[in-house]
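In the numbering used here, the protein residues as written are 1 to 393.
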């Protein structure tokens, strides 16, 4: 039952309004002076106030001004009562925060209609405020979850490149959101073997981040996905080939498990010989920039992870020489757009060639800088990741 406070110095006016509104089932409060209103509102919290304008002491205008200035009473709707029907008086009341105006003598139907209308509007407004409050709480929780997911995800990304005398590494990692679906790593398996991978999980936010975390855990350097149980002649566990790793990932991450698929470039480097073996699962092919300036695209692979055994994963094999650079990237680079125009593979290849003679870390910074310029500084719609290595031995 809604409560209505009637404020009027005229007892007859209060009695008439009470008779009209009591028949409609409202709970009624009365005050004969504006100075009583703030205290009554703080104690009783009426749902609506019918406020006379012309009263001795504190008039209706001043009472309304005080109500709207206090946080605990500012949202209570006020309908002014007056024998005046002048537009100037009405405007003044509305400017002070009143929601409506009823002129004397009262028409019963008009009083009931205006009161019910404003109570309905007030109820809807309160529901909107509550819904907004709930949304703000949920948004804060979502941002908290995103920050936590991003913190976990970032903890799995290398802090610094491994210090090797035969290979140099650099990267640029720019999530499109607080938490994204890209993840990469560089593992020094032993003195002879390096593993480099780059993954792009579909989607963004917490779900994508949590899947990337799970995959990164599965690809720990001494985990069962990278190493087989059978030993080599030296007694060390045998490292799985790129195609084996992708096949195992396909078995462990079917689409129905997380409702996510992902792409990956997986590279094994034999440090002594400079031979690399690689395979891609639906991922943009890595680009090999030879010291001579020739550019090669590493195309071997198969379908993305999560779609089942549609096709086998093919492997590629080639040799790295001193000065050769290998670049792994996600489609956030090639699909970065300016209007309807994409940055594209050709532009990326041209930028790689252009940066050949500058240090590797500066080359990566320059490429991402050109990408930023191409997009006119707009925030990327997808995660941007570029991982580079150079044969220095």
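Positions of the beta carbon are idealized from the N, C-alpha and C atoms, including for glycine. All figures in this text were calculated on a predicted structure; none of them were measured in a lab.
In chain order, each beta strand (DSSP E) run of at least 3 residues that lies wholly inside the stretch 247–325: List check, beta strand (DSSP E) in window: 262–270, 275–281, 287–289, 295–297, 316–319.
Do you know how far the Cα of residue 132 is from the Cα of residue 15? Indexing the chain shown from 1 puts residue 15 at position 15. Indexing the chain shown from 1 puts residue 132 at position 132. Separation of residue 15 and residue 132 (C-alpha to C-alpha, rounded to the nearest whole angstrom) is 39 Å.
Going by alpha carbons, who is nearest to residue 305 out of 341, 98, 211, 207? Stepping through the chain shown from its first residue, residue 305 is reached at position 305. Comparing Cα-Cα distances from residue 305 to each of 341, 98, 211, 207, the minimum goes to 211.
For residue 146 and residue 205, I'd like the C-alpha separation in whole angstroms. Counting from 1 along the chain shown, the entry for residue 146 is found at position 146. Counting from 1 along the chain shown, the entry for residue 205 is found at position 205. A direct Cα-Cα distance of roughly 6 Å separates residue 146 from residue 205.
Kindly indicate which three-state DSSP category residue 201 falls into: helix, strand or coil? For this step, residue 201 is matched to residue 201 along the chain shown. The answer is strand: DSSP assigns residue 201 an E or B state.
Provide the residue span of the alpha helix (DSSP H) that contains residue 336, from first to last. For the purposes of this step, residue 336 is taken as the residue at position 336 of the chain shown. Taken as a continuous stretch (DSSP letters only), residue 336 belongs to no alpha helix (DSSP H), as it is neither H nor E.
Measuring straight from C-alpha to C-alpha, what distance separates residue 117 and residue 384? For the purposes of this step, residue 117 is taken as residue 117 along the chain shown, with counting starting at 1. For the purposes of this step, residue 384 is taken as residue 384 along the chain shown, with counting starting at 1. A direct Cα-to-Cα measurement between residue 117 and residue 384 gives close to 53 Å.
Helix, strand or coil at residue 374 [DSSP, three-state]: In the chain shown, the residue the question calls residue 374 occupies position 374. Helix.
Cβ-Cβ separation, residue 335 to residue 382 (assumed contact under 8 Å), whole Å: Along the chain shown, read from residue 1 onward, the residue named residue 382 stands at position 382. Along the chain shown, read from residue 1 onward, the residue named residue 335 stands at position 335. Right, the Cβ-Cβ distance comes to about 6 Å (below 8 Å), so this counts as a contact.
N-terminal and C-terminal residue of the alpha helix (DSSP H) that residue 103 is part of: As a first step, residue 103 is located in the chain shown; it is residue number 103 there, counting from the start. The continuous stretches of alpha helix (DSSP H) do not include residue 103, which lies in the beta strand (DSSP E) extending over residues 100–103.
Drop a sphere of 10 angstroms on the beta-carbon of residue 311, count the other beta-carbons inside from all chains shown, and report buried for 16 or more, exposed for fewer. As a position in the chain shown, residue 311 is number 311, starting the count at 1. Its Cβ having fewer than 16 others within 10 Å, residue 311 is exposed.
Is it buried or exposed, residue 165, if we count other Cβ atoms within 10 angstroms and call 16 or more buried? Locating residue 165 in the chain shown gives position 165, where the first residue counts as 1. Of the residues assessed, residue 165 falls on the exposed side of the cut-off, its CB having fewer than 16 other CB atoms within 10 angstroms.
Can you tell me whether DSSP reads residue 384 as helix, strand or coil? As a working note, residue 384 is residue 384 in the chain shown. DSSP, read as helix, strand or coil, puts residue 384 in strand.
Identity of the residues DSSP links to residue 27 by a beta bridge: As a first step, residue 27 must be located in the chain shown, where it is residue number 27. Paired residue(s): 3.
For residue 267, count the other beta carbons within 10 Å of its own beta carbon; 16 or more makes it buried, fewer makes it exposed. Which is it? Along the chain shown, read from residue 1 onward, the residue named residue 267 stands at position 267. Residue 267 comes out buried.
Cα-Cα separation between residue 344 and residue 271, rounded to whole angstroms: Locating residue 344 in the chain shown gives position 344, where the first residue counts as 1. Locating residue 271 in the chain shown gives position 271, where the first residue counts as 1. Using only the alpha carbons, I get a separation of about 32 Å.
Pick out the complete beta strand (DSSP E) segments inside the stretch 61–93, 3 residues or longer, and give them in chain order. Restricting attention to beta strand (DSSP E) runs no shorter than 3 residues, the stretch 61–93 encloses them at 78–82, ordered along the chain.
Indicate whether the contact test is met: 3 or more Cβ pairs, each with one atom in the stretch 251–262 and one in the stretch 168–177, closer than 8 Å. The answer is no - the stretch 168–177 does not touch the stretch 251–262, with fewer than three Cβ pairs under 8 Å.
Presumed contact (8 Å Cβ cut-off) between residue 216 and residue 228, rounded CB distance: The sequence position of residue 216 within the chain shown is 216, counting from 1. The sequence position of residue 228 within the chain shown is 228, counting from 1. Actually they do not touch by this definition, with Cβ atoms about 20 Å apart.
CB of residue 454 within 8 Å of CB of residue 67, strictly: Any property of residue 454 remains undetermined from this structure, which presents the chain solely from 1 to 393.
Assign residue 159 to buried or exposed, taking buried as 16 or more other Cβ atoms, counted over all protein chains shown, within 10 Å of its Cβ. As a first step, residue 159 must be located in the chain shown, where it is residue number 159. In the assembly as shown, residue 159 is an exposed residue. Its beta-carbon has fewer than 16 other beta-carbons within 10 Å.
Note the first and the last residue of the continuous beta strand (DSSP E) segment covering residue 121. The residue you call residue 121 lines up with position 121 of the chain shown. No beta strand (DSSP E) holds residue 121; the alpha helix (DSSP H) holding it covers 108–155.
Inter-residue spacing [alpha-carbon to alpha-carbon] between residue 99 and residue 78: For the purposes of this step, residue 99 is identified with residue 99 of the chain shown, where counting begins at 1. For the purposes of this step, residue 78 is identified with residue 78 of the chain shown, where counting begins at 1. Here the alpha carbons of residue 78 and residue 99 stand approximately 6 Å from one another.
Cβ of residue 167 within 8 Å of Cβ of residue 365? Counting from one through the chain shown, the residue named residue 167 turns up at place 167. Counting from one through the chain shown, the residue named residue 365 turns up at place 365. Here residue 167 is not near residue 365, since their CB atoms are 8 Å or more apart.
So residue 196 packs on residue 328, CB below 8 Å; how close in whole Å? Counted from its first residue, the chain shown places residue 196 at position 196. Counted from its first residue, the chain shown places residue 328 at position 328. Correct: roughly 7 Å between the Cβ atoms.
Could you tell me how far apart the beta carbons of residue 8 and residue 32 are, in whole angstroms, since I believe they sit closer than 8 Å? Taking the first residue of the chain shown as 1, we reach residue 8 at position 8. Taking the first residue of the chain shown as 1, we reach residue 32 at position 32. With a Cβ gap of about 7 Å, residue 8 and residue 32 count as contacting.
Going by CA-CA distance only, name the one from 51, 97, 114, 87 that's closest to residue 24. One-based indexing of the chain shown puts residue 24 at position 24. Comparing alpha carbon positions, the residue from 51, 97, 114, 87 closest to residue 24 is 114.
My output table needs one value for residue 22: the three-state DSSP class, helix, strand or coil. Sequence index remark: in the chain shown, residue 22 carries index 22 (1-based). Here residue 22 carries a helix assignment [DSSP, helix/strand/coil].
Check whether residue 260 and residue 208 have beta carbons under 8 Å apart: Position 260 of the chain shown, counted from the first residue, corresponds to residue 260. Position 208 of the chain shown, counted from the first residue, corresponds to residue 208. Cβ distance < 8 Å, so residue 260 and residue 208 count as in contact.
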